[in-house]
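Q:
There are 2 protein chains.
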Amino acid sequence: VVPNTLPGETPYLAVDRDVLERNLARMAASAADRGMALRPHAKTHKCVEIARRQLAHGADGLTVATVGEAEIFAAAGCTDLFVAYPVWATEPLGRRLSRLAEQARVAVGVESVAGADQLGRTVAPGTLDVLVEIDSGHHRTGVDPGDAVTVAAAAERAGLRVAGVFTFPGHGYQAGARSAAAAQEAAALREAADALRAAGLPVEVVSGGSTPTSGLTGAGDLTELRPGVYVFNDAQQVELGVATWSEVALTVMATVVARHGDRVVLDAGSKALGADQAAWATGGGRLPDHPEARVTALSEHHATVVLPAGSGPVVGDVVRVAPNHVCATVNLADELTVVADGEQVDTWRVAARGLNR
Amino acid sequence: VVPNTLPGETPYLAVDRDVLERNLARMAASAADRGMALRPHAKTHKCVEIARRQLAHGADGLTVATVGEAEIFAAAGCTDLFVAYPVWATEPLGRRLSRLAEQARVAVGVESVAGADQLGRTVAPGTLDVLVEIDSGHHRTGVDPGDAVTVAAAAERAGLRVAGVFTFPGHGYQAGARSAAAAQEAAALREAADALRAAGLPVEVVSGGSTPTSGLTGAGDLTELRPGVYVFNDAQQVELGVATWSEVALTVMATVVARHGDRVVLDAGSKALGADQAAWATGGGRLPDHPEARVTALSEHHATVVLPAGSGPVVGDVVRVAPNHVCATVNLADELTVVADGEQVDTWRVAARGLNR
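Residue numbers (the working numbering), protein chains in the order written: chain A, 100 to 456; chain B, 100 to 456.
1) Out of curiosity, what's the CA-to-CA distance linking residue 272(B) and residue 379(B)?
2) What separation, rounded to the nearest whole angstrom, lies between the Cα atoms of residue 399(B) and residue 454(A)?
3) Could you name the residues of chain B that residue 217(A) contacts, counting a contact when the two beta carbons are closer than 8 Å?
4) Figure out for me which residue from 147(B), 188(B), 187(B) has the closest Cα to the Cα of residue 176(B).
5) If you measure between the beta carbons of residue 384(B) and residue 334(B), is that distance less than 8 Å?
6) In chain B, which residues lie less than 9 Å from residue 442(A) when you measure between Cβ atoms?
7) CB-CB under 8 Å to residue 103(B), same chain, minus the five flanking residues each way: which ones, in chain order?
8) Entirely within the segment 395-426 of chain B and at least 3 residues each: give me those beta strand (DSSP E) ranges in chain order.
9) Step through the CB atoms of chain B and report whether any lies within less than 8 Å of the CB of residue 316(A).
10) Note down, one range per segment and in chain order, each alpha helix (DSSP H) of at least 4 residues found wholly within the segment 116-172 of chain A.
11) To which residues of the same chain is residue 394(B) closer than 6 Å at the C-beta, ignoring the five residues directly before and after it?
12) Buried or exposed, going by whether 16 or more other CB atoms sit within 10 Å of the CB of residue 410(A)?
13) Check for me: the beta strand (DSSP E) holding residue 230(B) runs from which residue to which?
14) Pairs of beta-carbons, one from the segment 183-195 of chain A and one from the segment 110-127 of chain B, closer than 8 Å: are there three or more?
15) Pull up the distance between the alpha-carbon of residue 182(A) and that of residue 343(B), whole angstroms please.
16) According to DSSP, is residue 100(A) part of a helix, a strand, or is it coil?
17) Check each residue of the segment 394-419 of chain A: if its Cβ is closer than 8 Å to any Cβ of chain B, include it; give the result in chain order.
18) Closer than 9 Å, Cβ to any Cβ of chain A: which residues of the segment 352-381 of chain B, in chain order?
19) Can you pull the DSSP bridge partners for residue 443(A)?
20) Under a CB-based cut-off of 8 Å, is residue 333(A) close to chain B?
21) If you reduce the DSSP assignment to three classes, tell me which class residue 221(B) lands in.
22) Using only the alpha-carbon positions, how far apart do residue 436(A) and residue 419(A) sit?
23) Please compile the residues from chain B whose C-beta is within a distance smaller than 7 Å of the C-beta of residue 426(A).
24) Using the C-alpha atoms, what's the distance from residue 178(B) back to residue 212(B)?
25) When the Cβ atoms of the segment 267-287 of chain B are set against those of the segment 208-223 of chain B, are three or more pairs found closer than 8 Å?
26) Around the Cβ of residue 278(B), are there at least 16 other Cβ atoms within 10 angstroms (buried) or fewer (exposed)?
27) Taking Cβ positions only, does residue 430(B) come closer than 8 Å to chain A?
28) My parser needs the alpha helix (DSSP H) runs of 4 or more residues fully inside the segment 232-261 of chain B; what are they?
29) Provide the residue span of the beta strand (DSSP E) that contains residue 362(B), from first to last.
30) Can you tell me the Cα-Cα spacing of residue 429(B) and residue 230(A), whole angstroms?
31) Return yes when the Cβ of residue 150(A) is within less than 8 Å of the Cβ of residue 523(A), no when it is not.
32) Am I right that residue 126(B) and residue 422(B) are in contact with their C-beta atoms under 8 Å? What's the rounded C-beta distance?
33) Under the three-state reduction of DSSP, which class applies to residue 303(A): helix, strand or coil?
34) Of the choices 276(B), 201(B), 155(B), 286(B), whose alpha-carbon is the least far from that of residue 244(B)?
35) Compute the beta-carbon to beta-carbon distance between residue 261(A) and residue 311(A), rounded to the nearest angstrom, for a pair I have assumed lies under 8 Å.
36) If the cut is a Cβ gap below 8 Å, which residues of chain B does residue 165(A) touch?
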C-alpha cells in the first residue's frame, strides 16, 4: 500500500514497521527454537534503531562487515560485535580495533597466517577474539577446512584468542542451491571445528548462516546464525522462494515519469535501487503491486518497466519497487521513512551508510 | 601509481589531479574546436570543486539529473543549469524549482503533455525553460521526433518557454555501436528541431552527447554536448575504446585481504565500486596495473580477482581498481582523495551524493 503521507518527492525508502517487526520476531523464534544464537548482520540496515530491536528480540550480538560499522553500533550501546571479515590491520585500523575493544567484546575474522600476524602486530595484546574463516563452497575468502588449524595456530602465536570458526554459504544464492549450500556449510564447519579441537584449540563458536540458508541448519551443526537480509527481504529473496511479498518490509517509492505503450519509466534507478542483478533474476527489481511487470533496464535515475498490455500506472502515479538486493539499496540512502497503516510514523538514519573501512 | 601518502585504510577513491585536468582540457578544446557549447553532466562527480574547474575551462553551464543536484551547484555559484530529466513536478518539487530559478537560469526536460501540464501547475509562471526529450534509439524516456511538436505546444500552453530539444544516445554504450548511435542521435534531433521550427516554435538548443558519442557529432547536428564520465573515465570507457588507462583519473584503492592460488580478494566490493556490469564487460572492474587480471565476482566488501599464474600482489598489498561505471562509484563515497605526484594534495567532498530527488 502506498502511504497516504508522502514526502511528495520520490524516490525514497519506505519501511513498513509492522512487517519489519514480524520479520524480526520470526527469525528470533526460529533460532531460539533450534537452540542457536542469533547474531544478525547489521550491514543490511546500518541503522541503530533496527539494531536495538534485534537485540531486544534476543540477539546475542551483532555481525558487521567493517570496523566503521562496528564503531557506529558500539557507540549505540552494542557490547558484542563480530567483524565477519578478514581485516588487514594497518596501523590506523589496528588502533581503531584496540579502541573498539575497550567498548565491546570484539571478534574479527582471520583467514591467513599473514593476516593473523598483522593483527598481532597492530592490535593491543589480549584484546581481540578471532574466528577462522572457512570456505564452504562459495570460493571467496576463507580457507579449506583442512587448513583451519594452521591459521588458528598462527593467531594464537600472534596473541589473539581463537573463539571458533565461521563461514558464509553465499553459493546458496541460486534457485535450487540452498539445501546443498547449507549441507556444505555444516560439513565444512564441522570438519574445521573437529580439526581445531583435535589440535587442542578452543571452539566456542561455530558460525554460519545467510538468509537463504538460515532455516536449513540445526544446533548440531552450528552454534550461531548470521542472517542479514531477513529484516527487510527483497526481490531476490522472493524470487529464490525464501520470502513472500507480504514479508518484504522495505520498498522504494517511485514516480512514473514516462509511459510509452506498455513501457513505463520510474524515477528510481540504480542510484536508488542499486545495480545488483544476479544471472537468474527476472530484472532490475520487482513491483510487488504489479507482479507481472518486469524491470527490463536500470540507469542511474530510470527504471524501465514493461507491463502486461493495457494495465498499470500512468504518468504521475507513485508505485512501490522491491529492490533486488536490499543491502545495496539501504547503503545509497541517508534515511528510512518508517510507515505504519499507510502513514509516516518515523524517520531512521542510515547511520553506518558508506562506512566501507 | 599508488600514492605514497595513504590514508592507511582502504577502500577510498583516489583522483589523479593532473589526469583530471587533462581530461577537462581535452573535452573543452574538442567542443570549442567544433563550435559547440559544452554543458558537462555533473552527476558523474557531484563535486563543487570539479564543477568550478569545468566552468573555468569554458563550460556554458552544467547538466544535472535531479533538482537536488541543481540546488547544490546553484548554491556553489553556477548560474545556468539544465535538469536533463522529465521531472514530475509535485507541489514540493515545483516550489523547489521556482526557488532555484531565482538563483540561476533553469531548464528542465519534458517528454509528455501530462508532465508539461504538471510543471505549469506547480512552478511559478515564466520562470522555467524546457527542452523536449527525444528518443533517438535508447528507448528509455523521450518521444519520437514526430511527437515533439505535441509536447512542445503543450509546454507553451502551460506557460513554459520552449528552448529546444535534447536526447541521450545511451545505446552507444556497446562495442561497435558508437558511430551508429551518434548518427541516430543527430538524425532524431534534426527531425525534431525541424518539426518545431516548422510549427513556429523556438529551437535555440539542440543538445546531445554522452562520453562515447561526444566526439562523433558536429555543430551542424548539435549545438551542445552533455558528456559526464569524461572527467574521470572508467573501465567501461577503456573497454569501449573511448579512453586509455592513462586517461583514467579515478581509481579505488583497495587492499588484498586474501590470496588462494591465482585468486586474490580485495576489500573493495560493490559498496565501494558499484555493481554496474554491462553484458559485454570483462568483469566487475579492472586493475590498470594488472591488465590481464579479471574481476570475476563482486560482493559488498569483496572483489574476487583472478590473476595470470604466479603473478600479482600478495596479502596486504594495495592495488588500484578502475570501476566499471564511475558515476555509481562516486555516489557511494563521501569524499574524493586528490593525489598529485603520488602525494595526497586535497580532499573534495561529494557534495551532491545521494541526492536522488
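A virtual CB, placed ideally from N, CA and C, is assigned to each residue, including glycine.
A: Here's the rundown:
1) 10 Å
2) 12 Å
3) 415
4) 147(B)
5) yes
6) Correct list: empty, because the minimum Cβ distance to chain B is about 18 Å.
7) Residue placement at residue 103(B) is flagged as unreliable, the pLDDT there being 49, under the threshold of 50; the coordinate-derived value follows with that caveat. Once the five neighbours on either side are set aside, the close Cβ partners of residue 103(B) are 441, 442.
8) 401-405, 417-420
9) no
10) 116-132, 147-155
11) 382, 383, 384, 402, 404
12) exposed
13) 228-232
14) no
15) 38 Å
16) Residue placement at residue 100(A) cannot be trusted, given a pLDDT of 44 that sits under 50; the coordinates are not used to answer.
17) 396, 398, 399, 400, 401, 403, 413, 414, 415
18) 354, 355, 356, 357, 358, 359, 362, 364, 366, 367, 368, 369, 370, 371, 373, 374, 375, 376
19) 438(A)
20) no
21) helix
22) 13 Å
23) 399
24) 28 Å
25) no
26) exposed
27) yes
28) 247-256
29) 362-365
30) 33 Å
31) The question about residue 523(A) has no answer here: the residues shown for chain A are numbered 100 through 456.
32) In fact, because the Cβ distance is near 20 Å, the residues do not count as touching under 8 Å.
33) coil
34) 286(B)
35) Contact flag wrong, Cβ pair sits at about 28 Å.
36) 400
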